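Residue numbers (my numbering): 522 to 850.
We put the beta carbon where it would ideally sit given N, CA and C, even for glycine.
All figures in this text were calculated on a predicted structure; none of them were measured in a lab.
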């Protein structure tokens with residue numbers, strides 16, 4: 522924790538010396554730089570999704586779930602702390618916190634409409650963007666997250682049924698602290714014109730020995746799970762926004778957003794080796810740009826393919842998820 526505090530403090534102080542005189546400083550002013558792309562799997566963008574999926578954990582107590590839609594809700598907010606801009610040098614810097622959660626709900630299950638999984642996360646983020654005078658590359662930037670915490674919990678109905686009725690059932694608590702670094706070309710920032718953006722990033726754990734998850738003997742019937750070993754992930758994100766051209770306008774921005782991330786597929790059984798998996802998250806649709814507002818609604822189709830991204834189900838591959846998504850960011 523001491524390392525996290527020191528690194529965060531240095532990241533906030535260093536731009537003051539880099540930017541120099543003529544800079545504008547603000548506290549608690551909202552920033553648009555290096556916000557998550559729509560396809561980022563853990564995002565603060567508010568989303569409500571009506572989804573169809575092909576599989577869940579084998580321990581789920583009903584078997585007809587693939588025949589009905591699910592609801593997935595994403596809630597989040599960024600908490601601005603410090604904003605710095607030098608117009609002469611075309612530099613922007615921000616430091617902020619963020620918090621979010623993701624709920625997967627079997628809303629149309631006839632008995633209890635259970636919450637399948639709840640995912641909570643929060644962190645601290647610093648970001649810097651440099652604008653350049655080029656027709657194709659508008660800017661480039663870097664993001665550093667010195668602290669990211671995630672914890673997840675499966676729903677009560679799910680876990681109670683599993684513990685009481687399924688031999689060998691284990692409840693695994695996903696909980697870890699991580700850091701992340703990312704670089705971007707053509708960050709959308711406040712740009713509303715046609716723009717193709719790309720971002721690459723890497724994420725690692727602060728405590729590799731502990732890994733991504735823990736188990737409690739009371740929740741696993743005494744059968745503990747070994748800690749995860751390959752504790753990192755990396756990703757490529759591509760984002761295309763258009764306000765001129767076919768099927769778009771200055772009020773209706775067409776957005777195609779793709780994330781390809783390489784994550785660890787968990788294994789809670791020592792006889793089964795951990796694997797790494799490529800996972801793909803795709804959004805296609807339109808965002809309605811509201812005049813004189815930083816908040817916009819969007820209407821999208823989403824498709825995901827890879828390991829189940831929800832909580833302890835990250836040991837299951839071959840997951841496909843298709844959804845109609847309404848967003849607000």
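Cβ-Cβ distance between residue i and residue j below 7 Å
| i | j | result |
| --- | --- | --- |
| residue 758 | residue 713 | no |
| residue 664 | residue 699 | no |
| residue 823 | residue 787 | no |
| residue 639 | residue 597 | no |
| residue 668 | residue 644 | yes |
| residue 646 | residue 617 | yes |
| residue 706 | residue 661 | yes |
Residue range of the unbroken beta strand (DSSP E) whose run includes residue i
| i | result |
| --- | --- |
| residue 606 | 591 to 607 |
| residue 805 | 796 to 809 |
| residue 776 | 773 to 786 |
| residue 720 | 716 to 726 |
| residue 656 | No beta strand (DSSP E) holds residue 656; DSSP gives it neither H nor E. |
| residue 689 | Careful: residue 689 lies outside any beta strand (DSSP E) and carries neither H nor E. |
| residue 746 | Segment: none, residue 746 is in no beta strand (DSSP E) and carries neither H nor E. |
Contact set for residue i: own chain, Cβ-Cβ below 7 Å, skip 5 residues either direction
| i | result |
| --- | --- |
| residue 550 | 601 and 604 |
| residue 770 | 764 |
| residue 690 | 580, 683 and 684 |
| residue 768 | 775 |
| residue 820 | 806, 807 and 847 |
| residue 860 | The question about residue 860 has no answer, for the chain in this structure spans 522 to 850. |
Simplified DSSP assignment, three categories, for residue i
| i | result |
| --- | --- |
| residue 679 | helix |
| residue 629 | coil |
| residue 640 | strand |
| residue 497 | Here the chain covers residues 522 to 850 and nothing more, so residue 497 does not appear. |
| residue 696 | strand |
| residue 834 | helix |
| residue 634 | coil |
| residue 789 | coil |
| residue 526 | For residue 526, the pLDDT reaches just 48, beneath the cut-off of 50, and the residue's location in the model is therefore unreliable, although a value from the coordinates is still provided. In this structure, residue 526 counts as helix in the three-state DSSP scheme. |
| residue 672 | strand |
| residue 733 | coil |
| residue 684 | helix |
CA-to-CA distance, residue j to residue i, given in whole angstroms
| i | j | result |
| --- | --- | --- |
| residue 608 | residue 772 | 28 Å |
| residue 842 | residue 591 | 10 Å |
| residue 846 | residue 560 | 12 Å |
| residue 696 | residue 562 | 17 Å |
| residue 655 | residue 708 | 14 Å |
| residue 569 | residue 799 | 25 Å |
| residue 510 | residue 544 | Here the chain covers residues 522 to 850 and nothing more, so residue 510 does not appear. |
| residue 611 | residue 659 | 11 Å |
Close-in-space but distant-in-sequence residues of the same chain around residue i (CB under 6 Å, 5 per side omitted)
| i | result |
| --- | --- |
| residue 467 | Given a span of 522 to 850 for the chain in the structure shown, any question on residue 467 remains unanswerable. |
| residue 762 | 716, 774 and 776 |
Spatial neighbours of residue i in its chain, beta-carbon cut-off 8 Å, leaving aside the 5 residues before and after
| i | result |
| --- | --- |
| residue 526 | Because the pLDDT of residue 526 is 48, which lies under 50, any placement of that residue in the model is unreliable, and the number read from its coordinates should be weighed accordingly. Cβ within range, chain order: n/a, list empty. |
| residue 790 | 746 |
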